[in-house]
Amino acid sequence: MSDVLYVRGGRPLNGSVRVHGAKNSALPILAAALLAPGTSVIRNCPPLSDVEASLAILRHLGCSVRQEGDAVTVDASSPVRCDVPDALMREMRSSVIFLGAILGRMGEAELSYPGGCELGPRPIDLHRKAIQALGGTIQDAGGHLRCSGRLVGREIVLGRPSVGATENAMLAAVAAAGTTVLCNAAREPEIVDLQTFLRSMGASVRGAGSSVVVIEGGRPLHGGEHTVMGDRIVACTYLAAAAAAGGDMTVTGVDPRHLSPVTSVLAEAGCAVRSEEDRVRLTALAPLSGSRPIHTAPYPGFPTDAQPPLMAALAKGTGTTLFVENIFESRYRHVDELVRMGADIRVEGRVAVVCGVPGLHGAAVEASDLRGGAALVVAALGARGESRIGGLRHLDRGYWRLEQALRDLGAAVERTGTRA
Ligand code: UD1
Numbered sequence: 479m480s481d482v483l484y485v486r487g488g489r490p491l492n493g494s495v496r497v498h499g500a501k502n503s504a505l506p507i508l509a510a511a512l513l514a515p516g517t518s519v520i521r522n523c524p525p526l527s528d529v530e531a532s533l534a535i536l537r538h539l540g541c542s543v544r545q546e547g548d549a550v551t552v553d554a555s556s557p558v559r560c561d562v563p564d565a566l567m568r569e570m571r572s573s574v575i576f577l578g579a580i581l582g583r584m585g586e587a588e589l590s591y592p593g594g595c596e597l598g599p600r601p602i603d604l605h606r607k608a609i610q611a612l613g614g615t616i617q618d619a620g621g622h623l624r625c626s627g628r629l630v631g632r633e634i635v636l637g638r639p640s641v642g643a644t645e646n647a648m649l650a651a652v653a654a655a656g657t658t659v660l661c662n663a664a665r666e667p668e669i670v671d672l673q674t675f676l677r678s679m680g681a682s683v684r685g686a687g688s689s690v691v692v693i694e695g696g697r698p699l700h701g702g703e704h705t706v707m708g709d710r711i712v713a714c715t716y717l718a719a720a721a722a723a724g725g726d727m728t729v730t731g732v733d734p735r736h737l738s739p740v741t742s743v744l745a746e747a748g749c750a751v752r753s754e755e756d757r758v759r760l761t762a763l764a765p766l767s768g769s770r771p772i773h774t775a776p777y778p779g780f781p782t783d784a785q786p787p788l789m790a791a792l793a794k795g796t797g798t799t800l801f802v803e804n805i806f807e808s809r810y811r812h813v814d815e816l817v818r819m820g821a822d823i824r825v826e827g828r829v830a831v832v833c834g835v836p837g838l839h840g841a842a843v844e845a846s847d848l849r850g851g852a853a854l855v856v857a858a859l860g861a862r863g864e865s866r867i868g869g870l871r872h873l874d875r876g877y878w879r880l881e882q883a884l885r886d887l888g889a890a891v892e893r894t895g896t897r898a
């Protein structure tokens, strides 16, 4: 029987919580470790299931990998394979991020197409175009991609600022001979983190964080060392939980600037928010009022990954908030579950209208994706009575030691695979 999370809501969350390293930083950084014929050390790399899937891919390719807590050592001295088996691709959709690194290191790569996911179709056309622009050839046999070619740097203009395609192009470009100028690049902080790691390996990369990234490829690389940035989405989830449940919480280990599109919404909804160097303190003063419309957008806009937990917080309160989901097609699967808990939310295409209600109540609900699962936890913490949350494998992809952290903050949370 798979694990279930029981949450008895209505207790305020007080105290301090340190967020773990960012999953979305760790994954491309682990792929990047393949590029250097040496040993890389990556710290603050939490043993989430998506990280484990990346490590399984590295092992399959012939790297030796050691994990001690949240520190990972990858010895990529002599990889022997260039394929990612279908089972590993299915385990983690974002394993397509290995395409640029494998091709760059081995001169060929074989991956199956990642297909759709819980959030809707997951096209990889931009990844493919970027690799092809650098001289890689891609043969597609029924969703099985065979890539090869000697990569050469050049200008690439992405059709949209895709995070994954930006990272894939950077990894391939580091191995390509000559200069690559990547235009309309995504500007997410995780891309800056990848740049920092690549530099520690001896690569020449500049511009990450802006929409033009310049890579002087073909430099000799060596193993790198890096501490992964704090997870801004995990931080937003904890802050949303405090806003929903009440209390006075400080989230540490993050750059508050990365959170400002979200903390500004929480402040507008009535929370007192104070940011310092590496922390954000949130005090919930009264029932949340609504906020201005929330449109998800590429960074520095409101992150799509924070939409579900913020919606869960704003479902209880006195105001109405309009959400417009612009990044993924199917990102409201948590709504029906929130409605089971008493929320008043209507969805029409990409728009969700959230009318705050005075209180939510506990219910048996099922997570169907990672951040949607986080939304259910946030709602349950602020609800009256007990909730039973299933589908925890989704949460385990992105939250490490969640129950313990919530308990330390005063929540009544129990995870079990045995209780009926
Ligand atoms: C990354 C994050 C994910 C986050 C998302 C948007 C990781 C591991 N995951 O996902 O948590 O929700 O950014 O901030 O970092 N698209 C195409 N063609 C492509 C690639 C993307 O059309 O080749 C579209 C996608 O369908 C989506 C949009 O572009 O509508 C943004 O996707 P992208 O930025 O690529 O997200 P991911 O890198 O997959």
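Residue numbers (my numbering): 479 to 898.
All C-beta atoms in this analysis are idealised placements derived from N, C-alpha and C, irrespective of residue type, glycine included.
Keep in mind the model is a prediction, meaning the values are calculated, not measured.
Residue range 501-511 is occupied by the alpha helix (DSSP H) that includes ASN502. In the three-state DSSP reduction, HIS812 falls in the coil class, being neither helix nor strand. Nearest C-alpha to ASP822 among GLY834, VAL743, HIS812: GLY834. For GLU596, the shortest C-beta to heavy atom distance toward the ligand UD1 is 7 Å or greater. Taking 8 Å as the cut-off, the beta carbon of VAL497 is found closer than this to the beta carbon of ALA713. Secondary structure at ASN804: coil, using DSSP grouped into helix, strand and coil.
Linking PRO739 to VAL758 through their CA atoms gives a straight-line distance of about 13 Å.
Relative to HIS773, the option among THR799, GLY614, GLY637, LYS607 whose CA is nearest is THR799. Every unbroken stretch of the beta strand (DSSP E) spanning 3 or more residues and falling wholly within the stretch 601-638 is given here in chain order: 615-619, 622-626, 633-635. For ASP528, the uninterrupted alpha helix (DSSP H) segment begins and ends at 527-539. Setting aside the 5 residues that flank it on each side, LEU763 is surrounded in the same chain by GLY748, CYS749, ALA750, each with a C-beta closer than 8 Å to its C-beta; the list follows chain order.
Ranked by Cα distance from GLY840, the options ASP847, PHE801, GLY631, ALA858 are led by ALA858. Between ILE711 and PRO781, the C-beta spacing is below 8 Å. Shortest gap from the CB of ILE772 to any heavy atom of the ligand UD1: 7 Å or more.
Straight-line measurement puts the Cα of TYR877 at about 24 Å from the Cα of VAL817. When beta bridges are read from the DSSP output, TYR591 appears opposite no residue. The beta-carbon separation of THR715 and ALA852, rounded to 5 Å, stays under the 8 Å limit for a contact. ARG735 has its CB no nearer than 7 Å to any heavy atom of the ligand UD1. Bridge pairing for ASN492: ASP726 [DSSP]. The beta carbon of ILE535 is closer than 7 Å to those of VAL562, LEU566, SER573, PHE576 in its chain, skipping five residues each way along the sequence. Under a 10 Å Cβ-count criterion, PRO787 is classified as buried, with 16 or more other Cβ atoms of the shown protein chains found around its own Cβ. Here ALA718 is not near ALA830, since their CB atoms are 8 Å or more apart.
Judged by DSSP secondary structure, GLU881 falls within the alpha helix (DSSP H) whose first and last residues are 880-886. Between ARG811 and ASP847, the C-beta spacing is below 8 Å. THR796 carries a coil assignment under DSSP once its states are collapsed to helix, strand and coil.
With respect to the C-alpha of PRO599, the residue from ARG871, ILE507, ARG809 having the closest C-alpha is ARG809. Judged by DSSP in its simplified three-state form, ASP564 adopts helix. Going by beta carbons, VAL670 and ARG677 fall outside the 8 Å limit. Per DSSP, the continuous alpha helix (DSSP H) segment holding ARG677 begins and ends at 667-678. In this structure, VAL641 has its beta carbon less than 7 Å from a heavy atom of the ligand UD1. Annotation for ILE580: the continuous alpha helix (DSSP H) segment containing it runs 576-584.
Distance from the C-beta of ASN492 to the nearest heavy atom of the ligand UD1 is not below 7 Å.
Counting only runs of 4 or more residues that sit fully inside the stretch 818-870, the alpha helix (DSSP H) segments are 848-860, in chain order. Taking 8 Å as the cut-off, the beta carbon of SER753 is found closer than this to the beta carbon of THR741.
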